[in-house]
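Numbering follows our numbering, in which position 55 of the sequence shown is assigned residue number 288; successive positions increment by one, without gaps.
Following: one structure in structure tokens, then a few remarks.
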Amino acid sequence: MLLKHAGLTCSTEDNADKFYRDLLGLKKSEPKSLSADLSQAIFNLDAELQMINYMDDNIHFEIFITNQLSTSQRQIEHLCLEVDDLTGFIEKCRSLQVVVALIPKGDKTLTFIKDFDGKLFEIKQR
């Protein structure tokens with residue numbers, strides 16, 4: 234089995250660009266529109282949505298721009314990404330004002346970040 238893409242939301246295109254393009258280094262597609270009818274049928278959300286793909290050869294995010302959804306304060310859902318240079322990635326996060334949480338766990342340290350809309354990502358060294 235192969236995960237083809239992850240569909241997530243962002244409140245603005247600027248937030249999406251800063252996180253997925255600027256921080257993660259993914260290529261951005263031209264925005265597309267998802268009709269209100271299709272949005273209703275798929276997500277039970279009666280609104281036209283702008284959708285932007287951010288991807289490279291290994292990962293693909295479909296980002297839906299909407300301010301109609303909020304992130305729970307008690308967030309459990311998260312995505313885990315592997316990077317080649319964890320230290321360099323953490324430095325890049327901090328330079329872009331992405332908050333980094335370094336959480337001790339036994340003899341290891343877990344690394345978590347949140348995008349500009351509060352979605353949680355675990356980051357691991359490849």
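Even glycine gets a Cβ: it sits at the ideal position worked out from N, Cα and C.
What is the rounded straight-line gap between the Cα of residue i and the Cα of residue j?
i           : j           : result
residue 317 : residue 239 : 21 Å
residue 259 : residue 272 : 25 Å
residue 342 : residue 315 : 14 Å
residue 320 : residue 278 : 40 Å
residue 287 : residue 246 : 12 Å
residue 296 : residue 327 : 23 Å
residue 349 : residue 310 : 16 Å
residue 329 : residue 265 : 27 Å
residue 248 : residue 300 : 12 Å
residue 243 : residue 235 : 24 Å
residue 274 : residue 267 : 11 Å
residue 340 : residue 257 : 27 Å
From the DSSP output, in three-state form, read off residue i for me.
i           : result
residue 344 : strand
residue 240 : strand
residue 283 : strand
residue 324 : helix
residue 352 : coil
residue 312 : strand
residue 358 : strand
residue 278 : coil
On a CA-only basis, which of the options is nearest residue i? Give me that one, please.
i           : options               : result
residue 251 : 356, 347 and 310      : 347
residue 262 : 344, 285 and 353      : 285
residue 331 : 357, 280 and 353      : 353
residue 298 : 313, 288 and 282      : 282
residue 255 : 325, 359, 351 and 339 : 325
Whose C-beta lies closer than 8 Å to the C-beta of residue i among residues of the same chain, with five residues either side of it excluded?
i           : result
residue 357 : 313, 314, 315, 316, 319 and 344
Using a Cβ-Cβ cutoff of less than 7 Å, which residues in the same chain neighbour residue i once the five nearest sequence positions on both sides are dropped?
i           : result
residue 322 : 316 and 356
residue 241 : 294, 296 and 352
residue 269 : 279, 280 and 281
Three CB pairs or more closer than 8 Å across the segment 283-301 and the segment 333-342: Judged by Cβ distances under 8 Å, the segment 283-301 makes no contact with the segment 333-342, as fewer than three pairs qualify.
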